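Colleague: Chains as they are written, first to last, in numbering that gives the first Met the number 0: chain D, 0 to 320; chain E, 0 to 320; chain G, 0 to 320.
By construction, the Cβ of each residue, glycine as well, lies at the ideal position given by its N, Cα and C atoms.
Please read these numbers as outputs of a predicted model, since none were measured by experiment.
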Amino acid sequence: MGLLHNQFGIRHVISSAQFGREALACVFEGADDIAEKFAQGRRHEYAHALDGAVVASYFFEPSTRTRWSFESGTHRMGGSVITTENAEKFSSAVKGERLEDSVRVIGHYADAIVMRHKRTGAAELAANYAKVPVINAGDGTGEHPTQAMLDLYTIKKLRGTIDGVNIAIVGDLRLGRTVRSLAKGLCNYKKVTVHFVAPDILQVSPDVVDYLALRRVKFQKHSNINEVLADMDCIYMTRTQRERMTAEEDTATKNADTEYGIGTHNLHLMRPDQILMHPLPRNNEIEFSPLTDGRAKSVYLDDQIKAGLHVRAFLLKDLLN
Amino acid sequence: MGLLHNQFGIRHVISSAQFGREALACVFEGADDIAEKFAQGRRHEYAHALDGAVVASYFFEPSTRTRWSFESGTHRMGGSVITTENAEKFSSAVKGERLEDSVRVIGHYADAIVMRHKRTGAAELAANYAKVPVINAGDGTGEHPTQAMLDLYTIKKLRGTIDGVNIAIVGDLRLGRTVRSLAKGLCNYKKVTVHFVAPDILQVSPDVVDYLALRRVKFQKHSNINEVLADMDCIYMTRTQRERMTAEEDTATKNADTEYGIGTHNLHLMRPDQILMHPLPRNNEIEFSPLTDGRAKSVYLDDQIKAGLHVRAFLLKDLLN
Amino acid sequence: MGLLHNQFGIRHVISSAQFGREALACVFEGADDIAEKFAQGRRHEYAHALDGAVVASYFFEPSTRTRWSFESGTHRMGGSVITTENAEKFSSAVKGERLEDSVRVIGHYADAIVMRHKRTGAAELAANYAKVPVINAGDGTGEHPTQAMLDLYTIKKLRGTIDGVNIAIVGDLRLGRTVRSLAKGLCNYKKVTVHFVAPDILQVSPDVVDYLALRRVKFQKHSNINEVLADMDCIYMTRTQRERMTAEEDTATKNADTEYGIGTHNLHLMRPDQILMHPLPRNNEIEFSPLTDGRAKSVYLDDQIKAGLHVRAFLLKDLLN
């Protein structure tokens, strides 16, 4: 058993709500050590951390990036991977099999199950039936806790602390599991202010609002990014999920890119010390062309990605030990 | 060359008919040793058994469970895997390539080919052209020999012997390659009685009947599971493959779940020493909810799965040595 | 940094044009050593060449053969693989993500990216953004440089030298990236004559013709294979890509198999020392049935495949060191 289990009783990673300030500090410290060794050409020190272990990538929704992040972490720690890109189409799910049976079985093949599913709550259900750790890699409109961890870890690395952060979370907030997990994670820190920037129709869901209110975390809603851009420490952009929208929503977000996006039209409002984040994939909400003019720290293609690799490698190592 | 080749002349695993009583005993013994080491935390003793070996998972029909069973076994023995979930759509098969060319080529990339194919006889064809061992992981309505081995191995582990077993094979028997392979395998043992339980329209195919008759294995056909349930040592349930049925077949099996299924309505007929098996995926033929009330030994989510892992790991190790 | 980078400044493998005679000699020598060790049962000498390395198979077009060739090479050198069979359908590409973002991100997960893409120029674009080596495994109608390398390497192994070779390149030449890459590669050798055999409508594209002309490589066009068959050292057959043809092209190639194919009707024109090659998949342009009657050396199912494995294993090892 690893630190997360011994100190915090964590066996599965299902929701951000499981991870308090101390548990997150433990994850960040573990990720720091991996990051340091990797950066110093000392990969071999972790090359046997998962010797003999098999990790199952059980993805019912394709997501090459998240899948590969976990798989690369597994390989770099010396473990092996069994993988499916699209269990929805390629597994017995099409023959009517229940998830309960599948995860119970997979627990005999693998020492951990990393699961992405279309149904909210699927990861929790899986954790109830699997005899090995389950890591939620996104469940419907539910949660994506490892994304939140890597986001928080990125902020901590770049700012030194998450306490006191002024953060704008921008875009399609209504259905975003990433947004839900990140907002919950932010509640662990002091003097945080969250600015939700979105058209009304895509604003953050009531359960997130309630979660923050209950914990007395300050938040505000805005309908135009330029209202807050200059004052933020972090700007967390998300993709407009146009393919999921109704006609009404599509119309209401016609100018989304200019009202909620970052580009040449409002880049002058930014400062070099601001952190510009994105869970990817990015469409037009951050104008394409790397923001290399020193106006802000764009971390979505590098720092966040490395943070994800190191956080997930640590989680696997710790949960499997 | 391993034991199967040296003692029994087996280079490929294509049909249950290749494996006589002695060859099966050899497989069970090999699987036993792997099971024992794994259960005792001595995985490392097998961790280099397939060092440097590459196994190809060549699946023309998706089957995450069977594929992962072989792949997990490979990884746990120290081997590597190259894999395709759906060669039907993702390989040169769509460009009209012949299987003969493909397997000859793959034999240069891999040290063994595990193949699932829609066409009956495909595995045998592949074995004729490949220069490396081919393992049939299901060919059309033909055979699924490693499933039969794990089924027999499970019975042996739980009963001590397969001789004298009274077994009901229930459900959609007509097209089932699993049923064909299992029935053939059972013919190696003494005083076995096989009860085929299915509506007439889905009863076991004539070639299986002939195979048993020729070997003087006792069998009976039944149309309702309750006729035999109380007297069986093993009940082997299979899925109603409703997606393959004609309208006539669909009508004839309307009450399949109550006439051929296990559930609260007939669970009282069962005894704690009876073994309830299923090759999975399970639909409604075994009522959902683990049968944990001590009425029977439900082994389809655990014992059979582990047996599969150990049998397949042994086969790969032995054929590749 | 490996030999290719130090001696020839090669960091990515995008086009045949990057590889001059000396660079190709370096690749062949490296592949020779791998081939020798593998043939002598000394695989273990290379079993740690890629220790700790992760290679990404990033395939937007399915191609099990090419993908597995790279992946098997990676495994045999001790590396690990993260893979996608069909990024077109299973990745964020469907959500509108740009390749630039994807490859930048993947460069943090993997130490090299092997990419197959439908768009000509995609590999070069990727190389501009990735921070790790990119190997072009086919980009639209552009290039397939590692195929050309294995083709040239096969000729060298069988003939001793590529200088002076009389080669017929036959079939659907118009769109073939394989043909483009091979033709460019042949320009590095002395006294080569290339015979392009195809119906007018499928003849080799002007850019290839110009490339050869500029380098004063002799070439001729023919419309029937039997015009040249007896005089060739090598016959390089390619598949008629009927699924991509217009109605006009389809009509013009109705008799393609007899006019441009090899079969019992013209096999008597061949000699035992001639090399019969094909990049696969093969349809009817080489009559099905292995040409084992000693009429020619058919190398497309064995020698070329092994050459591909060894060339790619060398490239990965060299670029990643």
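Should D:Arg64 be flagged as near chain G, meaning a C-beta pair shorter than 8 Å?
Modeller: Stepping through the first sequence from its first residue, residue 64 of chain D is reached at position 65. So, interface residue.
Colleague: Rounded to whole angstroms, how far is the Cβ of E:Arg10 from the Cβ of E:Glu60, which I believe are closer than 8 Å?
Modeller: Here residue 10 of chain E refers to the residue found at position 11 when the second sequence is read from its first residue. Here residue 60 of chain E refers to the residue found at position 61 when the second sequence is read from its first residue. Contact doesn't hold; Cβ gap of about 24 Å is too wide.
Colleague: Assuming E:Leu172 and E:Gln202 make a contact with CB atoms under 8 Å, what is their CB distance in whole Å?
Modeller: Residue numbering aside, residue 172 of chain E sits at position 173 when the second sequence is read from its first letter. Residue numbering aside, residue 202 of chain E sits at position 203 when the second sequence is read from its first letter. Confirmed, Cβ separation roughly 6 Å.
Colleague: At 9 Å on the CB atoms, spell out the chain E contacts of D:Asp100, in chain order.
Modeller: By 1-based counting over the first sequence, the position of residue 100 of chain D is 101. What D:Asp100 touches in chain E: Leu279, Pro280, Arg281, Phe287, Tyr299 and Leu300.
Colleague: Report buried or exposed for D:Gln303, applying the criterion of at least 16 other Cβ atoms within 10 angstroms of its Cβ.
Modeller: Start at 1 with the first residue of the first sequence, and residue 303 of chain D comes out as number 304. The residue is buried, with at least 16 neighbouring Cβ atoms inside 10 Å.
Colleague: Out of curiosity, what's the CA-to-CA distance linking G:Arg41 and G:Asp301?
Modeller: Along the third sequence, read from residue 1 onward, the residue named residue 41 of chain G stands at position 42. Along the third sequence, read from residue 1 onward, the residue named residue 301 of chain G stands at position 302. Taking the straight line joining both Cα atoms gives about 20 Å.
Colleague: Taking 8 Å as the CB-CB limit, is E:His47 close to chain D?
Modeller: Taking the second sequence and counting its residues from 1, one reaches residue 47 of chain E at position 48. False, the Cβ-Cβ gap to chain D never drops below 8 Å.
Colleague: What ranges does the alpha helix (DSSP H) occupy inside the region 45-97 of chain D, keeping only unbroken runs of at least 4 residues that lie completely in it?
Modeller: If we require 4 residues or more, the alpha helix (DSSP H) runs fully inside the region 45-97 of chain D come out as 63-75 and 86-89.
Colleague: Determine the DSSP secondary structure at E:Ser297, reduced to helix, strand or coil.
Modeller: Stepping through the second sequence from its first residue, residue 297 of chain E is reached at position 298. Strand at E:Ser297.
Colleague: Return the chain-ordered ranges of every beta strand (DSSP E) run that is complete within the region 92-148 of chain E and spans a minimum of 3 residues.
Modeller: DSSP runs (the beta strand (DSSP E)) wholly in the region 92-148 of chain E: 111-116 and 133-138.
Colleague: Between which two residues does the beta strand (DSSP E) containing E:Ala212 stretch?
Modeller: Translated into positions along the second sequence, residue 212 of chain E becomes position 213. Note, E:Ala212: premise wrong, no beta strand (DSSP E); alpha helix (DSSP H) at Pro205 to Leu213.
Colleague: Please report the residue range of the beta strand (DSSP E) in which D:Gln240 lies.
Modeller: Taking the first residue of the first sequence as position 1, residue 240 of chain D is located at position 241. From DSSP, D:Gln240 is part of no beta strand (DSSP E); its letter is neither H nor E.
Colleague: Which of the three DSSP states is assigned to E:Cys186 in this structure?
Modeller: Along the second sequence, read from residue 1 onward, the residue named residue 186 of chain E stands at position 187. Here E:Cys186 sits in coil by DSSP.
Colleague: By a C-beta neighbour count over all protein chains shown, 10 Å radius and 16 as the cutoff for buried, is G:Met0 buried or exposed?
Modeller: Working through the third sequence from its first residue, we reach residue 0 of chain G at position 1. Looking at its Cβ environment, which holds fewer than 16 other Cβ atoms inside 10 Å, G:Met0 is exposed.
Colleague: At the 8 Å Cβ level, is G:Glu60 part of the contact set with chain D, yes or no?
Modeller: Counted from its first residue, the third sequence places residue 60 of chain G at position 61. Closer than 8 Å: no.
Colleague: Quick one: is D:Gln273 buried, meaning 16 or more other Cβ sit within 10 Å of its Cβ, or exposed?
Modeller: Against the first sequence, residue 273 of chain D aligns to sequence position 274. Buried is the call here.
Colleague: Note down, in chain order, all residues in the region 148-175 of chain G with a beta-carbon under 9 Å from any beta-carbon belonging to chain E.
Modeller: Residues passing the 9 Å Cβ filter: none.
Colleague: If you follow the beta strand (DSSP E) that D:Asn283 is in, where does it begin and where does it stop?
Modeller: By one-based count along the first sequence, residue 283 of chain D stands at place 284. No beta strand (DSSP E) holds D:Asn283; DSSP gives it neither H nor E.
Colleague: Taking E:Ser222 as the reference, which of E:Thr252, E:Ala212 and E:His74 has the closest Cα?
Modeller: By one-based count along the second sequence, residue 222 of chain E stands at place 223. Looking at the Cα atoms, E:Thr252 is the closest of the given residues.
Colleague: For chain G, find out if any of its Cβ atoms is closer than 8 Å to the Cβ of D:Ile304; answer yes or no.
Modeller: As a position in the first sequence, residue 304 of chain D is number 305, starting the count at 1. Interface residue, yes.
Colleague: Name the residue from D:Met148, D:Ala197 and D:Val54 whose alpha carbon lies nearest to the alpha carbon of D:Asn254.
Modeller: Working through the first sequence from its first residue, we reach residue 254 of chain D at position 255. Checked all of D:Met148, D:Ala197 and D:Val54; the closest Cα to D:Asn254 is D:Ala197.
Colleague: When you compare only the Cα positions, how much space is there between G:Val164 and D:Tyr45?
Modeller: Indexing the third sequence from 1 puts residue 164 of chain G at position 165. Indexing the first sequence from 1 puts residue 45 of chain D at position 46. Taking the straight line joining both Cα atoms gives about 51 Å.
Colleague: Do you know how far the Cα of G:Leu275 is from the Cα of G:Ile234?
Modeller: On the third sequence, position 235 is the one that residue 234 of chain G refers to. On the third sequence, position 276 is the one that residue 275 of chain G refers to. C-alpha separation (whole angstroms): 5 Å.
Colleague: Taking the alpha carbon of D:Ser15 as the point to measure from, which residue in D:Ala109, D:Gly137, D:Val104 and D:Lys130 has its own alpha carbon closest?
Modeller: Walking along the first sequence from the start, residue 15 of chain D turns up at place 16. Of the listed residues, the one whose Cα sits closest to D:Ser15 is D:Gly137.
Colleague: What is the residue span of the alpha helix (DSSP H) that G:His309 lies within?
Modeller: Taking the third sequence and counting its residues from 1, one reaches residue 309 of chain G at position 310. Looking at the DSSP string, the run of the alpha helix (DSSP H) that includes G:His309 is Asp302 to Leu319.
Colleague: Can you name the residues of chain G whose CB is closer than 7 Å to the CB of D:Leu308?
Modeller: Counting from one through the first sequence, the residue named residue 308 of chain D turns up at place 309. His107 and Tyr108, listed in chain order.
Colleague: Count the other C-beta atoms from every protein chain shown that fall within 10 angstroms of the C-beta of G:Lys189, then say buried if there are 16 or more, exposed otherwise.
Modeller: On the third sequence, position 190 is the one that residue 189 of chain G refers to. G:Lys189 comes out exposed.
Colleague: Got a sec, what are the start and stop residues for the beta strand (DSSP E) E:His267 sits in?
Modeller: Indexing the second sequence from 1 puts residue 267 of chain E at position 268. It is not in any beta strand (DSSP E) - E:His267 carries neither H nor E in the DSSP assignment.
Colleague: Using a C-beta to C-beta distance shorter than 8 Å, which residues of chain E count as neighbours of G:Glu352?
Modeller: The first residue shown for chain G is 0 and the last is 320, placing residue 352 of chain G beyond what the model contains.
Colleague: Over the uninterrupted beta strand (DSSP E) stretch that includes G:Lys220, give me the two end residues.
Modeller: Working through the third sequence from its first residue, we reach residue 220 of chain G at position 221. Here the beta strand (DSSP E) through G:Lys220 covers Lys217 to His221.
Colleague: With 16 as the cutoff for other CB atoms within 10 Å, does G:Pro280 come out buried or exposed?
Modeller: Sequence index remark: in the third sequence, residue 280 of chain G carries index 281 (1-based). The residue is buried, with at least 16 neighbouring Cβ atoms inside 10 Å.
Colleague: Taking Cβ positions, are G:Ile81 and D:Glu70 nearer each other than 8 Å?
Modeller: Taking the third sequence and counting its residues from 1, one reaches residue 81 of chain G at position 82. Taking the first sequence and counting its residues from 1, one reaches residue 70 of chain D at position 71. Going by C-beta atoms, G:Ile81 is nearer than 8 Å to D:Glu70.
Colleague: Taking the alpha-carbon of E:Ala401 as reference, which of E:Thr83, E:Ala111, E:Val102 and E:Phe58 has the nearest alpha-carbon?
Modeller: No statement about residue 401 of chain E is possible, as the shown extent of chain E runs from 0 to 320 and does not include it.
Colleague: I'd like to know if E:Glu248 contacts chain G, where contact means its C-beta is closer than 8 Å to some C-beta of that chain.
Modeller: As a first step, residue 248 of chain E must be located in the second sequence, where it is residue number 249. So no, E:Glu248 is outside the interface.
Colleague: Check whether the Cβ of E:Ala55 lies closer than 8 Å to any Cβ atom in chain G.
Modeller: Numbered from its first residue, the second sequence carries residue 55 of chain E at position 56. Interface residue, yes.
Colleague: Which bits of chain G does D:His43 rub up against, with CB to CB less than 9 Å?
Modeller: Position 44 of the first sequence, counting from 1, holds the residue named residue 43 of chain D. Within 9 Å Cβ-Cβ: Asp50 and Gly51.
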